[in-house]
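Residues are numbered in my numbering as their position in the sequence shown, beginning at 1, plus a constant of 9.
The beta carbon of each residue, even a glycine, is placed where N, CA and C say it ideally should be.
Every value quoted in this text rests on a predicted model; they were computed, and no experiment measured them.
Report on the following structure.
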Amino acid sequence: MAPAEQTADATPSADAAPPVDGPAMAGARARRIHRTRLSGGLGLRARVTATFAIGAFALSTIMAGITYFAARQSFLNEHQAAVQRQAFANASLIQSSLRSPGTGTQVNQLIESVDTGPGSLSVLRTGGKWYATSISVGQSAIPSTERSLVLSGTPASQVFSLGETPTIVIGVPLPAVHAAYFEVFSLNELAGTLRTLALALAAAALVTTLAGAALGRWASGRALRPLAGVTEAAVAIAGGRLNTRVEAGDDVDLQELASAFNQMTANLEERIEREARFTSDVSHELRSPLTTLTATVAVLEGHRDELAPRARRALDLLDGDLRRFTRMVDDLLEISRFDAGSAELSLDEVDPGELVRRAVAASSPVGADAGRTTVTFPVDVGPGVEGLRLRVDKRRFERVMANLVDNASLYAGGVTRVIVARHPPGANGSETARSIRVIVEDRGPGVPLPERHHLFERFYRGTRSGQRASSEGTGLGLSLVAEHVRLHGGSVWIEDAPEHGTRFIVELPLVPADTDWRPS
């Protein structure tokens with residue numbers, strides 16, 4: 010069954026009631042509640058998956074942070090120890106050279122001869138002067154606090170930023186020659202190593218988070234797998250299949266739930282069957298006295314001219330009530346067949362337009378005295394309908410049309426027109442039609458949106474200005490419409506008419522063009 014889509018003539022609007030295609034309105038409400046709850050927030054499986062993912066993310070982030078800072082401190086300590094050894098070795102070499110006679114004028118050559126490694130430079134203070142291996146970096150590159158410590162005779166080291174370059178400086182006092190030696194080392198290589206480590210740890214945290222989410226999805230799926238059967242059974246029961254049961258299997262935790270669920274379903278099925286049998290039995294028992302009463306009224310009608318005026322009015326009232334009572338008994342018998350699952354279709358392949366015309370002709374509306382009046386409304390067959398084929402039970406379809414016409418006559422001032430339209434619309438063949446929509450429009454005050462779906466429930470009476478609440482109908486007509494349409498695999502819903510009144514839209518699937526169908 011195709012969902013209702015936007016068309017010019019027969020499209021459920023935003024205010025239209027949902028299509029009715031189930032055997033019981035309670036089942037339809039249960040499905041709507043089920044869908045609403047699911048769409049109102051995250052489901053249990055999604056919450057478990059999110060919990061696993063968040064837990065994995067938090068744990069991996071904490072571990073990555075601890076690993077990064079521990080590795081950073083370890084690398085820095087190792088690097089600092091290595092450069093300190095190198096700086097002290099070079100300082101010892103310079104001190105020995107400065108003690109040798111004749112080296113005072115060769116200080117620049119002396120510090121340039123020192124092996125400081127790539128990215129490093131030397132700064133020497135001797136004789137009150139500063140010497141450096143780079144003309145751009147001299148004493149100003151050394152923090153003042155470290156200069157003061159070293160010049161006072163205390164070795165020192167400090168990590169700082171030289172411009173945008175992380176740097177460590179090692180200062181060694183040379184008191185024997187009244188000098189101080191400083192060696193400046195770039196930490197760019199170490200910073201690059203730490204950046205690589207940080208990226209690796211971030212990637213590991215991301216992978217761990219995804220793995221946690223996957224694990225949560227798998228674990229929640231395994232944990233909720235037994236409940237999938239319960240959910241399917243509940244949906245089936247809401248759809249009217251009351252013989253559905255849950256298989257608990259070997260799951261100890263599920264056995265108690267399955268047992269209680271199955272017992273509840275069995276009790277519900279038994280109660281509904283008992284009520285259906287009661288309705289059927291009572292209806293059958295009423296047929297005989299109704300037949301007798303109908304025959305008696307017919308006899309009295311034959312002698313109507315012999316009756317007094319008051320007796321004639323009483324006979325008219327009796328005849329009207331008897332007609333309504335007979336219709337209600339017939340409706341109850343039909344409902345009981347649906348409840349018992351014994352309703353069957355006698356299908357014929359027919360032309361949709363001709364089918365509706367004949368059904369409307371046979372569906373004269375009920376008058377105020379429960380008698381039949383003449384049909385005075387048109388049947389409009391839309392473009393593209395001719396040549397399409399429907400497979401329907403003609404008797405049941407005529408009953409659908411009769412009930413819709415009666416409903417409009419009793420509560421909405423009568424039918425204004427009936428439309429037969431293809432869906433999707435259009436007669437140019439650009440899109441294959443999937444269904445036929447039969448639209449019955451009335452001239453009534455309309456149906457409030459909250460009541461539209463309830464109108465297809467048994468014995469439901471609306472609240473519109475006493476119209477439906479005080480009706481002379483049986484309260485079963487529209488519920489039978491829904492049952493007949495559902496039996497054909499179709500749907501029925503209500504929406505506002507374009508100008509005034511209400512539309513009842515019946516949608517029935519078409520026979521596929523390539524189907525070689527023969528009546529059974």
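> With 16 as the cutoff for other CB atoms within 10 Å, does Val515 come out buried or exposed?
Replying inline: Position 506 of the sequence shown, counted from the start, is the residue given in the question as residue 515. It is buried - the Cβ of Val515 has at least 16 other Cβ atoms within 10 Å.
> Do Ser143 and Leu130 come within 7 Å of each other at the CB atom, strictly closer than that value?
Replying inline: Locating residue 130 in the sequence shown gives position 121, where the first residue counts as 1. Locating residue 143 in the sequence shown gives position 134, where the first residue counts as 1. In contact: Leu130 and Ser143 (Cβ atoms closer than 7 Å).
>> Please return the same chain residues whose Cβ sits closer than 7 Å to the Cβ of Gly380, not counting the five positions on each side in sequence.
In response: Residue 380 sits at position 371 when you count from the first residue of the sequence shown. Because Gly380 carries a pLDDT of 49, less than 50, the predicted location of this residue cannot be relied on, and no value is offered for it.
>> For Ser69, count the other beta carbons within 10 Å of its own beta carbon; 16 or more makes it buried, fewer makes it exposed. Which is it?
In response: Against the sequence shown, residue 69 aligns to sequence position 60. Per the 10 Å Cβ criterion, buried.
> Rounded C-beta distance between Val369 and Val427? I'm assuming under 8 Å.
Replying inline: Sequence index remark: in the sequence shown, residue 369 carries index 360 (1-based). Sequence index remark: in the sequence shown, residue 427 carries index 418 (1-based). Indeed they touch by this definition, with Cβ atoms about 6 Å apart.
> Over what stretch of residues does the alpha helix (DSSP H) that includes Leu206 continue unbroken?
Replying inline: The residue labelled residue 206 in the question sits at position 197 within the sequence shown. Segment 197-247, the alpha helix (DSSP H) holding Leu206.
>> Give me the residue from Tyr469, Pro152, Ile448 with the minimum Cα distance to Ile503.
In response: Position 494 of the sequence shown, counting from 1, holds the residue named residue 503. Of Tyr469, Pro152, Ile448, the residue nearest in Cα terms is Ile448.
> Out of curiosity, what's the CA-to-CA distance linking Ile151 and Ile75?
Replying inline: Reading the sequence shown from its first residue, position 142 is the one you call residue 151. Reading the sequence shown from its first residue, position 66 is the one you call residue 75. C-alpha separation (whole angstroms): 32 Å.
> Quick one: what does DSSP say Leu354 is sitting in, helix, strand or coil?
Replying inline: Within the sequence shown, residue 354 is the residue found at index 345, counting from 1. Coil, per DSSP.
> Which class does Pro459 belong to by DSSP, given the choice of helix, strand or coil?
Replying inline: Position 450 of the sequence shown, counted from the start, is the residue given in the question as residue 459. Three-state DSSP puts Pro459 in a helix.
> Which value, in whole angstroms, describes the spacing of the CA atoms of Ala59 and Gly498?
Replying inline: Numbered from its first residue, the sequence shown carries residue 59 at position 50. Numbered from its first residue, the sequence shown carries residue 498 at position 489. So the two alpha carbons sit approximately 40 Å from each other.
> Grouping DSSP H, G and I as helix and E and B as strand, with all else coil, what is Pro518?
Replying inline: Residue mapping note: residue 518 aligns to position 509 of the sequence shown, counting from 1. Three-state DSSP puts Pro518 in a strand.
>> Just to confirm before moving on: does the CB-CB distance between Ser153 and Thr174 stay below 7 Å?
In response: The residue given as residue 153 occupies position 144 in the sequence shown. The residue given as residue 174 occupies position 165 in the sequence shown. Taking 7 Å as the Cβ cut-off, Ser153 and Thr174 do not qualify as a contacting pair.
>> Between Asp415, Ala430, Gly484, Ala371, which has its C-alpha nearest Leu341's C-alpha?
In response: As a first step, residue 341 must be located in the sequence shown, where it is residue number 332. The shortest Cα separation from Leu341 among Asp415, Ala430, Gly484, Ala371 belongs to Gly484.
> Rounded C-beta distance between Val306 and Leu331? I'm assuming under 8 Å.
Replying inline: The count along the sequence shown starts at 1 and reaches residue 306 at position 297. The count along the sequence shown starts at 1 and reaches residue 331 at position 322. At roughly 6 Å, the Cβ-Cβ gap stays under 8 Å, so Val306 and Leu331 are in contact.
>> Buried or exposed for Arg495, going by 16 or more other Cβ atoms inside 10 Å?
In response: The residue given as residue 495 occupies position 486 in the sequence shown. Buried, since its Cβ has 16 or more Cβ neighbours within 10 Å.
> Mind checking whether Val255 and Ala242 have CB atoms under 7 Å apart?
Replying inline: By one-based count along the sequence shown, residue 255 stands at place 246. By one-based count along the sequence shown, residue 242 stands at place 233. Result yes, Cβ atoms of Val255 and Ala242 sit closer than 7 Å.
> Are at least three pairs of beta-carbons, each pair with one atom in the segment 393-411 and one in the segment 358-367, less than 8 Å apart?
Replying inline: yes
> Using the C-alpha atoms, what's the distance from Val414 back to Ala423?
Replying inline: Sequence index remark: in the sequence shown, residue 423 carries index 414 (1-based). Sequence index remark: in the sequence shown, residue 414 carries index 405 (1-based). Sequence inspection shows Gly at residue 423; the Ala mentioned does not correspond to that position. Between Gly423 and Val414, the C-alpha separation is close to 7 Å.
>> Can you look up Gly486 in the DSSP assignment and give me helix, strand or coil?
In response: Against the sequence shown, residue 486 aligns to sequence position 477. It is helical.
> Would Leu53 be called buried (16 or more neighbouring beta carbons within 10 Å of its own) or exposed?
Replying inline: Position 44 of the sequence shown holds residue 53. So Leu53 counts as exposed.
> For the putative contact between Leu251 and Leu277, defined by C-beta atoms under 8 Å, what is the C-beta separation to the nearest angstrom?
Replying inline: Looking up residue 251 in the sequence shown gives position 242. Looking up residue 277 in the sequence shown gives position 268. Their Cβ separation, rounded to whole angstroms, is 6 Å, which keeps Leu251 and Leu277 in contact under 8 Å.
> Per DSSP, Tyr77 is paired with what?
Replying inline: Sequence index remark: in the sequence shown, residue 77 carries index 68 (1-based). DSSP lists no partner for Tyr77.
>> Taking 7 Å as the threshold (beta carbon to beta carbon), is Gly172 in contact with chain C?
In response: Here there is only one protein chain, and chain C is not present.
> Which same chain residues, not among the five before or five after Ser122, have their C-beta less than 6 Å away from its C-beta?
Replying inline: Mapped onto the sequence shown, residue 122 falls at position 113. So no residue of the chain qualifies.
> alpha helix (DSSP H) containing Ile281: first to last residue?
Replying inline: As a first step, residue 281 is located in the sequence shown; it is residue number 272 there, counting from the start. Note, Ile281: alpha helix (DSSP H), 261-311.
> Could you give the residue range of the alpha helix (DSSP H) that holds Ile151?
Replying inline: In the sequence shown, the residue the question calls residue 151 occupies position 142. Unbroken run through Ile151: none, as it is neither H nor E.
>> Could you check whether the segment 74-92 touches the segment 188-202, counting it as contact only if at least three pairs of C-beta atoms, one from each stretch, sit closer than 8 Å?
In response: yes
>> Are the CB atoms of Thr176 and Phe169 within a distance shorter than 7 Å?
In response: Position 160 of the sequence shown, counted from the start, is the residue given in the question as residue 169. Position 167 of the sequence shown, counted from the start, is the residue given in the question as residue 176. For Phe169 and Thr176, yes; Cβs fall inside 7 Å.
> Under a three-way DSSP split, which group does Phe334 fall into?
Replying inline: Within the sequence shown, the letter at position 325 stands for residue 334. Note: Phe334 maps to helix in three-state DSSP.
>> Only counting the same chain, and skipping five residues up and downstream in sequence, which positions put a Cβ closer than 8 Å to that of Phe84?
In response: The sequence position of residue 84 within the sequence shown is 75, counting from 1. For Phe84, where only same-chain residues beyond five positions count, the Cβ hits under 8 Å are Leu199, Thr202, Leu203.
> Ala180 bridges to which residues according to DSSP?
Replying inline: Numbered from its first residue, the sequence shown carries residue 180 at position 171. Here the sequence assigns Gly to residue 180, which means Ala is not the residue at that position. In the DSSP output, where bridge partners are listed per residue, Gly180 has Ala165, Phe191.
> For Pro518, which residues from the same chain have a beta carbon less than 6 Å from its beta carbon, with the 5 sequence-adjacent residues on both sides left out?
Replying inline: For the purposes of this step, residue 518 is identified with residue 509 of the sequence shown, where counting begins at 1. Same-chain partners within the cutoff: Ser444, Gly498.
> In three-state DSSP terms, what is Arg431?
Replying inline: If you number the sequence shown from 1, residue 431 lands on position 422. Arg431: strand per DSSP, three-state reduction.
> Nearest CA to the CA of Glu216: which residue from Leu133, Ala96, Ala352, Phe66?
Replying inline: To locate residue 216, count along the sequence shown from 1; it is residue 207. The sequence shown places Val at residue 216, not Glu. Among Leu133, Ala96, Ala352, Phe66, the Cα nearest to that of Val216 is on Phe66.
> Which value, in whole angstroms, describes the spacing of the CA atoms of Arg512 and Pro459?
Replying inline: As a first step, residue 512 must be located in the sequence shown, where it is residue number 503. As a first step, residue 459 must be located in the sequence shown, where it is residue number 450. Between Arg512 and Pro459, the C-alpha separation is close to 16 Å.
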